[in-house]
Every structure is written in structure tokens, then in C-alpha cells.
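Trainee:
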Amino acid sequence: MRKFTFEQVDAFVAVVEAGSFSAAARLLRKDKSSIHQLVSYLEIELGIELFNREKKLPRLRPEAKNIYNYSKLLLEQHKEIQSLADNLFHGIENSLTISYDVVIPHQVIVDISTQLSSEFPSSQIHWLCQNKTTAINALDNQTIDITLQALSHRAKPQDGLEALTLGQVACSLYVNKKTMDNNLSYTRSYLQVKPQFILESFIAAELDKLTILSPFYRLFTEVDLMVKCLNETPHAWAIIPDHLAKPFTGDKVVKLKDSGFSAQEVLWPCVMLTNQKGIKGPVFQRAYALIIEKMRGFDL
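Residue numbers (full-length UniProt numbering): 1 to 300.
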């Protein structure tokens, strides 16, 4: 049975990628003779020559290309095993699951995900889109670790959960651009008899008494689809978070400035919910801090 070491494989890969024994030696911080020796021992163990040494610089033999590919993979797996072992030693979680409501800005999620991936490359960070009802059940079952939700002021605290307010989501009234009439007064009484489109997450967040005005309402889970359908429905309108409506404003929908709604009615809290149970490791703690930083720094 042939036996070779990771050090030999590492030297071989370094020579291939650096282009010479001297460059590989500098890369691995070893002397040139050590690199020569390690590669030679590897060739003896494998029973083949890996490089063509007829010219000044070594060239990987074509038949050894797959050996290089597998060697590269072997080193990456070795590094991953070591990283996982380090995580276990330091109590770093292998995975963390965060859920979010559709009203949470995607850029905030991207920024947090990027930062966590950079700081904890061996930990799996999962992001699930869930409304409040689903998320609270998942927190209670400990199938998720954190959830970010819009929540009514009237919502009662859930036993066993901790809530931290992150800011307020600013929403406005938007109408179908195609049938927008500047001569009309878009009062409550007018809007009550027109088709209203509502995000399903608003109902789950117990915002229904504030959001449902027209008996002719239609529920949607996705903002993009809701806006597209609104744009094709005469005189339709909706309450939409401003940061979500921004890509469509002026193209498909128009923002109403004087609609008869008070500022309090269209400013809804955004909270982070966590389960009081369970151990909160380094990944959780970092994610918790980043969520506060990014959400409070985002202009909602």
C-alpha cells in the first residue's frame, strides 16, 4: 500500500501552481531542496514521474493532470476537516438558520450573509423567507435560530421568545399608474370601493386592522407579483414598504402623498425574535450583533 504525506502533496500542488521549485519554496516558506525532496518522495510512492524536468522549469506531465486535480481536492478537504475540528474545539456552530419577512430589505440580508461567511467560512448560514406565524412556530420548535419580522404594536409577547425592536418600516399608499387620475381625491371613502392588494405577511403580523380598508382586497405573498398584478388592475392600490416599492415607482405604481392616512398608520415596527432556550454560540452572537447594526443603519 502506497503511503504519502499531506506535506508531499502540498509541495506537489505548490510547484504546479507556482511554476517552479523555487517559487513553490517561497510560497510554502521552505528551502528549494526540501521541495525537491518532497516531490521526489511523492513520485517514488506513486511510482510515476509527475513533472517533465528536461527544460529549465518543471512541466506537469499531461497524464498527471488528474493527480493534480485530486491532490488539490484532497488539500481542500484536509483544510475543511481541520476547520471543522477547530470549530468544535472553540464551540462554533456548524450552522445557523435565520428567517425573515418579505418586508426585510434584501441588501441587509446580503451584507450580513457576506460578513458571516467571511468570519465563519465553515459554518452554514441558512436564510428562509417566512411570515410571522410560521417563524414563531419554527422558533418554538428550534428549527430556526433567529427571525426578522414586521410586527404590530398590538401583538402580544410570545412566551419563551425574546423580541428586540430594530426600527420601523416606512410604508406608503401606491396606486396603479395606468389609471392614476391627478384630478381625483384619493380619500379613504374612495379607496374603500377600489381593489386593494395586500401582502400576506401583513396579516400574519396582525396588521390587518390597519391595512385592510377595502372589502375587495386580494392577498399576495410576493411583492414583485403583487405590483405586476396591481399594474394590470384598473384603479387598484396597495400599502407597500417604500424600499420595496422603489424599483417600481414611476414605472408601474405612483406613490400617494395625500391619502388621509396618518404617519403612525404606515410606520410599523420591525423586530428580531429569538428563542430563550438553547446555547447561543459565537456565530449566533455575531449574527445578532450584525442584524442590529445593519438594520438600524438601513434607511427604512
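No residue lacks a Cβ here, since even glycine has one placed at the ideal position from N, Cα and C.
So what does G167 bridge to, in DSSP terms?
Mentor: Translated into the one-based positions of the sequence shown, residue 167 becomes position 167. Note: G167 sits in a beta bridge opposite C270.
Trainee: Excluding sequence positions up to five away, which residues of its chain have a Cβ less than 6 Å from the Cβ of L42?
Mentor: In the sequence shown, the residue the question calls residue 42 occupies position 42. If we look at L42 and ignore the five residues flanking it on each side, its Cβ neighbours are F4, Q8 and F12.
Trainee: Is T233 near the ligand SAH, going by C-beta to nearest heavy atom under 7 Å?
Mentor: The ligand SAH is absent from the structure shown, which contains no ligands of any kind.
Trainee: Counting C-beta neighbours from all protein chains within 10 Å, is the total for Y174 16 or more, i.e. buried, or is it exposed?
Mentor: Within the sequence shown, residue 174 is the residue found at index 174, counting from 1. It is buried - the Cβ of Y174 has at least 16 other Cβ atoms within 10 Å.
Trainee: By Cβ distance, which residues of its chain are closer than 7 Å to E49, with the 5 residues on each side in sequence left out?
Mentor: Sequence index remark: in the sequence shown, residue 49 carries index 49 (1-based). The answer, listed in chain order, is E43 and R61.
Trainee: Enumerate in chain order the residues of its own chain whose CB-to-CB distance from Q158 is below 7 Å, with the five nearest sequence positions on each side excluded.
Mentor: In the sequence shown, the residue the question calls residue 158 occupies position 158. The answer, listed in chain order, is I136.
Trainee: If you count every other CB in all the chains shown that lies within 10 Å of the CB of N69, and 16 or more means buried, which is it?
Mentor: The residue labelled residue 69 in the question sits at position 69 within the sequence shown. N69 is exposed by the Cβ-count criterion.
Trainee: Which of helix, strand or coil does DSSP assign to E232?
Mentor: For the purposes of this step, residue 232 is taken as the residue at position 232 of the sequence shown. Three-state result, E232: coil.
Trainee: In the region 170 to 231, which residue ranges form an unbroken beta strand (DSSP E) of at least 3 residues, counting only runs that do not cross its ends?
Mentor: 196 to 199 and 217 to 220
Trainee: Under DSSP, the beta strand (DSSP E) around I125 begins and ends at which residues?
Mentor: For this step, residue 125 is matched to residue 125 along the sequence shown. Q124 to C129 is the span of the beta strand (DSSP E), which, as asked, contains I125.
Trainee: Counting contacts by CB-CB distance shorter than 8 Å, is R296 in contact with chain B?
Mentor: The structure shown has no chain B; it contains just one protein chain.
Trainee: Exposed or buried, what is L207 when buried is set at 16 or more other beta-carbons lying within 10 Å of its beta-carbon?
Mentor: The sequence position of residue 207 within the sequence shown is 207, counting from 1. Burial call: buried.
Trainee: For F89, I'd like the list of residues in its chain whose CB is within less than 7 Å of its CB, leaving aside the five on either flank, ordered along the chain.
Mentor: As a first step, residue 89 is located in the sequence shown; it is residue number 89 there, counting from the start. Closer than 7 Å at the Cβ level, and outside the excluded window around F89, lies no residue.
Trainee: In angstroms, rounded to a whole number, what distance separates the CA positions of T165 and D181?
Mentor: Here residue 165 refers to the residue found at position 165 when the sequence shown is read from its first residue. Here residue 181 refers to the residue found at position 181 when the sequence shown is read from its first residue. T165 and D181: Cα-Cα distance of roughly 38 Å.
Trainee: Below 8 Å on the Cβ atoms is my contact criterion, and I expect S172 with K255 to pass it. Report the Cβ-Cβ distance as a whole number of Å.
Mentor: Here residue 172 corresponds to residue number 172 of the sequence shown, with the count starting at 1. Here residue 255 corresponds to residue number 255 of the sequence shown, with the count starting at 1. Right, their Cβ atoms sit about 5 Å apart.
Trainee: Relative to the C-alpha of K126, which residue among I98, Q285, A238 and N66 is closest?
Mentor: For this step, residue 126 is matched to residue 126 along the sequence shown. The question names Lys, but residue 126 is His in the sequence shown. Of the candidates I98, Q285, A238 and N66, the one whose C-alpha sits nearest the C-alpha of H126 is I98.
Trainee: Closer than 8 Å by C-beta to K194: which residues in its own chain qualify, once you throw out the five before and the five after it? Chain order, please.
Mentor: The residue you call residue 194 lines up with position 194 of the sequence shown. Correct list, in chain order: S214, F216, H235, A236 and W237.
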